[in-house]
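Numbering (our numbering), first residue to last: 49 to 203.
Glycine included, each C-beta is placed from N, C-alpha and C at the ideal position.
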């Protein structure tokens, strides 16, 4: 499939474009790297990766992160490390899309995006089905996206 943003082999789900550039298989399970382009004001619900550390390498655009109750911003050239088991989320706050690399160690998570794109599942309408699929990837959703309920996020 040809994606208009990231080219061949990229997928799109909820306006976010994903292209796996280093597969779990290529690293014998050690890690995976996904090149991601997220539109302004987008971001996932709060969640926890139970079995993987997640590192964001910011390439373009600005994002606000929420990690275990702490809010902070990151932009091009900056990184964010989220240890496994830590609740987190982010939102694109710039007027331009954010391109960032998402590194998961160990690997194995890239299939989640493929399943979401294949089903074109929507948030919040399809959260029950999304949660079932997420469980197979050791992912639990724990709350709303950043900005959906700012008062709760600030606590």
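In this structure, residue 94 sits near residue 137, with a CB-CB distance shorter than 7 Å. The beta-carbon separation of residue 146 and residue 106, rounded to 7 Å, stays under the 8 Å limit for a contact. When DSSP reads this structure, residue 171 sits in no beta bridge, so it has no partner. Going by DSSP, residue 82 is part of the beta strand (DSSP E) stretching over 80-86. Counting along the chain, residue 112 sits inside the beta strand (DSSP E) bounded by residues 111-115. In terms of Cβ geometry, residue 110 and residue 91 do not form a close pair [threshold 7 Å]. Taking the Cα of residue 108 as reference, the smallest distance to any Cα among 60, 87, 96 and 190 is reached at 87. A Cβ-Cβ contact shorter than 7 Å links residue 139 with residue 194. Fewer than three pairs of CB atoms, one per stretch, sit closer than 8 Å, so the stretch 111-119 makes no contact with the stretch 162-179. Annotated three-state conformation of residue 132 is coil, per DSSP.
Using a 10 angstroms sphere on the CB of residue 100, the tally of other CB atoms reaches 16 or more, which defines it as buried.
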